[in-house]
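Trainee: Reminder that position 106 of the sequence shown reads as 106 in UniProt numbering, one-by-one numbering, no gaps.
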Amino acid sequence: MSSAPKKLNKAQAKAKEYVSKHKIEKLIAEMVNSLVHTRDKKPIVYMIKYLANYCTQEELEQSGISVAGPLPQRIPLMNFPEFSEECTSLLKIHLTKEIWSAMKKRATHLGGKIQLCVQSGVYDEKEEIG
1 MSSAPKKLNK
11 AQAKAKEYVS
21 KHKIEKLIAE
31 MVNSLVHTRD
41 KKPIVYMIKY
51 LANYCTQEEL
61 EQSGISVAGP
71 LPQRIPLMNF
81 PEFSEECTSL
91 LKIHLTKEIW
101 SAMKKRATHL
111 GGKIQLCVQS
121 GVYDEKEEIG
């Protein structure tokens, strides 16, 4: 049985390009992650408000959309970071998947998360400390 990938037709390729260009999969995944995390009693309203976070007030008004009340907080998804071969960061050396899994949902009393700390090290991987 062949497991060769199927070739996408033109419409599928355009759709895939559009979804990729606008990062729709990531947005939807983060929205669902946030919804599951909060377990809001009105999931549809929650998702509408969540998506409103990504628009300016002007964009909402131009589209005839009005959102009242507090907007849900975005909870970005961040997978275990990948480092380049040249990276000498201490993060690359010491951060294991086990540590990542154990810490990724924990927060300080001020709301700080390991994801945000690690993110700076991933983006600045030329620094030894990371």
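Even for Gly, the Cβ is constructed at its ideal location relative to N, Cα and C.
(1) Just to confirm, is the Cβ distance from ILE65 to ALA52 under 9 Å?
(2) If I follow the unbroken alpha helix (DSSP H) through THR38, where does it start and stop?
(3) Please report the Cβ distance between TYR50 and PRO72, rounded to the nearest whole angstrom; I am assuming they are in contact, meaning their Cβ atoms lie under 8 Å.
(4) What three-state label does DSSP hand LYS10 in the structure shown?
(5) How would you write the range of the alpha helix (DSSP H) that ILE93 sits in, first residue to last?
(6) Helix, strand or coil: how does DSSP classify LYS41 here?
(7) Taking only three categories from DSSP, how would you classify ALA68?
(8) Thinking LEU35 and TYR18 are a contact (beta carbons under 8 Å), I'd like their distance in whole angstroms, please.
(9) Can you check whether the CB of LEU90 is closer than 9 Å to the CB of VAL118?
Mentor: In terms of the structure at hand:
(1) yes
(2) 24 to 38 is the extent of the alpha helix (DSSP H) around THR38.
(3) 5 Å
(4) In the structure shown, LYS10 sits in a helix (DSSP, three-state: H, G or I).
(5) 90 to 94 is the span of the alpha helix (DSSP H), which, as asked, contains ILE93.
(6) Annotated three-state conformation of LYS41 is coil, per DSSP.
(7) Coil at ALA68, not helix or strand.
(8) Going by Cβ atoms, the distance from LEU35 to TYR18 rounds to 24 Å, so no, they are not a contact pair.
(9) no
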